[in-house]
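Data first, discussion second: the structure below is written as structure tokens.
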Amino acid sequence: YTTVFNEPKFCGKSQDFIFGKQCPYRNCRYTCDRNSSTFADVLLMHRSDIHFDQLPIERNPEQIWLYWHDEPGGVQNQAISYQFNWTISYRFNAEVNIGAYGLTILRNKPLSFKEVNSYINEQFSNRQPYAVWFVSNCKPKARLYYYDQLHLYYPSIKVYGDCVLQNKTNHCHRHSHCETFELSKNKFYLAFESQSCRDYITEKFWRSLAYGTIPIVFGPHDKQSVEKIAPPNSFIYTGDFISVSKLAEYLNEIGRNRTLFGEYHQWRRFYQVLHRPEDIEHYRFCELCYRLNTNENRIYFSKVQKFHNENDDD
């Protein structure tokens, strides 16, 4: 019903492109035609693109209003006045939650032991024992403080952005050659989230896995949030260490121990990760189609901000 980040979403795309050729349900149709909004089963509304003065005045009680928001909090005050039925979100308890920022899938055919070991040997030999961090949001202080402490014990960290070096030229933009180079030539990535919210695991984590670095995770409320969706034994969780110095010791050990390094890449034999929107969005919309075919209940959030603003201990 709305645009997505001010751009029409999927207009002119085939249903196979939107829902995926492998989606088991084939009876869903996506349209950008506003004339269909009165009898559509779902109206999809993206959080930052909603114009509340343009929403339908009369609402079909059988119609689902779907609120799409992939960030913690930030729900508009106007949304209080509207009853949204379902949500698309990074939150695991959202009706549509698969692939907000990335996805772990099984390979069609497992790699051989030889292929995996060859990959591990090559990566261990060609990568430096550095951790890389691309950071642009300087407001969250907890992760900056943790970085400062870690850097005291593990100085082999490359940081890009204004938050640490205050150097306007020290940038490594997303999808740039610089980013690709750094993620391909170093062993670790600081996947430090900006907010410590339940289930909030963003592209930082998935991108590092896709490029072959080992993500060092700081931010999600608990380790189990990451384990639910990440490949097995694919990341290092800062909360597992009693001190920053112990984490630094462990990173040094991984950097010089090929066997230990390889343990964080054995998952690649059976799994692969997806992180580009064009690779994961059809999984999300297939899940939406699945919900429409199987969910009989109509849940109404009279205060949709309560769902997105729940604290981590709820």
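Per our numbering: the sequence shown = residues 1045 to 1358.
The C-beta atom is built at its ideal place from N, Cα and C for all residues, glycine as well.
A distance below 6 Å between beta-carbons, with the five flanking residues on each side excluded, links H1309 to the following residues of its chain, in chain order: I1164. A1186 sits in a helix when the DSSP states are folded into three classes. DSSP, reduced to helix, strand and coil, places Y1327 within a helical segment of the structure shown.
Using a 10 angstroms sphere on the CB of E1139, the tally of other CB atoms reaches 16 or more, which defines it as buried. Taking every protein chain shown into account, the CB of H1090 has 16 or more other CB atoms within 10 angstroms, so this residue is buried. In the three-state reduction of the DSSP assignment, V1179 falls in the coil class, being assigned neither a helical nor a strand state.
Assignment of F1285 by DSSP, reduced to helix, strand and coil, places it in the coil class.
Taking L1150 as the centre and dropping the five residues before and after it, the same chain places the C-beta of F1314 and Y1315 closer than 7 Å to its C-beta, in chain order.
Partner residues in the beta bridge of A1235, as assigned by DSSP, are V1261. In this model, L1227 and N1214 are separated by some 16 Å (Cα to Cα).
Look at the beta carbons and you see the segment 1190-1202 touching the segment 1223-1239: at least three pairs across the two are nearer than 8 Å.
For G1205, the closest of K1183, V1317 and Y1197 by C-alpha to C-alpha distance is K1183. As a beta-bridge residue in DSSP terms, V1203 pairs with W1177. Nearest neighbour of Q1107 by Cα position, chosen from F1225, D1093 and Y1045, turns out to be Y1045.
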